[in-house]
Amino acid sequence: MRKRYLKPWLFGIIAGSMIVLFEALFNFYPPSAYSFCLTCHTRDLVNGTVNLIFRTNFQTALISHRAVEATSFFVILGAFIAARRYREYRLQKSTRPLLFFVAGFDVMILGIIIFGCPTRIAVRVGYGDLYGIIAFAGMVFGIWIGTVLLKRVSQKLT
Amino acid sequence: MLTLALAILGGCIGFLAQRSRMCFVAGFRDYFIVRDRELLSGIFSFIVTIWFLTSVLYSLNVIRSGIPQYGDAVIRRSVEYLRFSLSHVLRISNFLVGGQGEAAGLSSHFMNKFIYVTFAGGLLIGFVSTLAGGCVLRQHVLFAQGNMNAFYYIAGFYTAVVVYYVFLFKFFVKLY
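Chain order of the listed sequences is A and B.
With the working numbering applied, the first sequence corresponds to residues 1 to 158, in that order.
With the working numbering applied, the second sequence corresponds to residues 1001 to 1176, in that order.
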């Protein structure tokens, strides 16, 4: 069976228009550019649950009073359906659990501080947010530093 | 109702991301290493689509172009916000011509700590995501495909929320 992939530029057009039209149609407003963000929605979900159980007052966005933001679960569910449907699901054992744990931990804390995962940073660039553009420039610079490091390591190994 | 719509949006984007192997970090990484432009075209079409649609909807007054309220009230008050707009351009030109009244506002904007925090945070996000081999969306998709490295990534992701707000919030709130 030949695998057919979606072209990435088509993903950009479909997902981008879905994100913007979602905010326009459902008036998903108080923080704008908020209809798709994995760190912020996860933060609201976890903090909302903790606030409900322990009566604490952790930070949540204003929109979380109107909706339960379980985006993280449903992204996994949608991708799982796609992987099953096109037979790409296969179990791979973990090679470096601690490294990936620390990476996820860091990305979450940095994402809480600057209000966005890489996806929402790109969304905010589209919205014309100055802080989004600065964060995007920083992200590209960080990726460049990371690629230089990866090249160094691969040269040493060979 | 809103929850259901959000779930459908998330599911659709997860489905499409699995099909197109889209990643917001790997696009730049592939370009810097092997000059492969395929995923980079995805990132730029994403940004250009959003830019086009938001500028159309701003002009139709469908989306309110007000202040986005970042987080809770304390942070909202302290985080200064600026949108690229005609008034901003006018303010800069006023500054260049020599308007003394606006100069304080502009310099206070460049003195704003949060700009540097944003740049440094973006830099570290890019660096750590490159080492982990994908952005947050890509890790969720990899976990759905059965990659157990991504499972540990997401476990760290959820642990960090609780750890941040219980232990680290007192220190990091000074950054705003």
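Even glycine gets a Cβ: it sits at the ideal position worked out from N, Cα and C.
For clarity, every value in this text was computed on a predicted model and none was experimentally measured.
Residues bridged to residue i [DSSP beta-bridge criterion]
i: N1226(B); result: Absent from the structure is residue 1226(B), since the part of chain B shown begins at 1001 and ends at 1176.
Local Cβ density within 10 Å of residue i, reported as buried at 16 or more and exposed below that
i: N1149(B); result: buried
i: N57(A); result: exposed
i: Q1139(B); result: buried
i: F1167(B); result: exposed
i: D1036(B); result: exposed
i: A1103(B); result: Only weak support is given to the placement of A1103(B): the predicted model assigns it a pLDDT of 34, under 50, and the value that follows is read from those uncertain coordinates. A1103(B) comes out exposed.
i: T39(A); result: buried
i: Y5(A); result: exposed
i: V20(A); result: buried
i: I109(A); result: buried
i: R1019(B); result: buried
i: P1068(B); result: Note that P1068(B) scores a pLDDT of 48, beneath 50, so its modelled location is shaky and nothing firm can be said.
Residue-chain proximity (residue i, chain A), Cβ-Cβ < 8 angstroms
i: F1157(B); result: yes
i: V1141(B); result: yes
i: V1025(B); result: yes
i: V1034(B); result: no
i: F1015(B); result: yes
i: F1046(B); result: yes
i: N1147(B); result: yes
i: F1171(B); result: no
i: S1059(B); result: no
i: F1119(B); result: yes
i: F1167(B); result: no
Chain B within 8 angstroms of residue i, Cβ atoms only
i: V153(A); result: no
i: N47(A); result: yes
i: I13(A); result: yes
i: R87(A); result: no
i: T95(A); result: yes
i: T42(A); result: yes
i: F105(A); result: yes
i: I53(A); result: no
i: S64(A); result: no
i: T147(A); result: yes
i: K156(A); result: no
Member of the options whose CA lies at the smallest distance from the CA of residue i
i: A122(A); options: F80(A), K151(A), C37(A); result: C37(A)
i: F105(A); options: T1054(B), I1154(B), F1167(B), F1172(B); result: I1154(B)
i: S32(A); options: R55(A), Y5(A), S64(A); result: S64(A)
i: A1120(B); options: D129(A), I133(A), R124(A), G126(A); result: I133(A)
i: I1013(B); options: L25(A), F74(A), G48(A), V46(A); result: F74(A)
i: T119(A); options: G1027(B), A1005(B), L1004(B); result: G1027(B)
i: A89(A); options: T1118(B), I1047(B), L1040(B), L1142(B); result: One point to set straight first is that residue 89(A) is Tyr, not Ala, in the sequence displayed. The option with the nearest alpha carbon to Y89(A) is L1142(B).
i: L1147(B); options: I113(A), R96(A), G128(A); result: Looking at the sequence itself, residue 1147(B) is Asn, so the reference to Leu does not match. Ranking I113(A), R96(A), G128(A) by Cα distance to N1147(B) puts R96(A) first.
i: K1113(B); options: V1173(B), E1038(B), R1021(B); result: V1173(B)
i: L1004(B); options: F136(A), S94(A), F26(A), G12(A); result: F26(A)
i: A103(A); options: L1006(B), Y1116(B), C1135(B); result: C1135(B)
i: P8(A); options: A1017(B), F1169(B), L1137(B), V1117(B); result: A1017(B)
i: S161(A); options: A1132(B), F1169(B), F1151(B); result: The structure shown does not extend to residue 161(A), since chain A is modelled only from 1 to 158, so the question has no answer here.
Unbroken alpha helix (DSSP H) run spanning residue i, endpoints
i: T49(A); result: 38 to 54
i: P97(A); result: 97 to 114
i: P8(A); result: 8 to 26
i: K1170(B); result: 1169 to 1172
i: L1004(B); result: 1002 to 1020
i: L1131(B); result: 1113 to 1132
i: Y5(A); result: Neither: Y5(A) is in no alpha helix (DSSP H) and is coded neither H nor E.
i: V75(A); result: 71 to 85
i: T1049(B); result: 1038 to 1059
i: R1035(B); result: Element bounds for R1035(B): n/a, residue is neither H nor E.
Neighbour flag for residue i against chain D, beta carbons, 8 angstroms
i: I134(A); result: The structure shown has no chain D; the protein chains it does contain are A and B.
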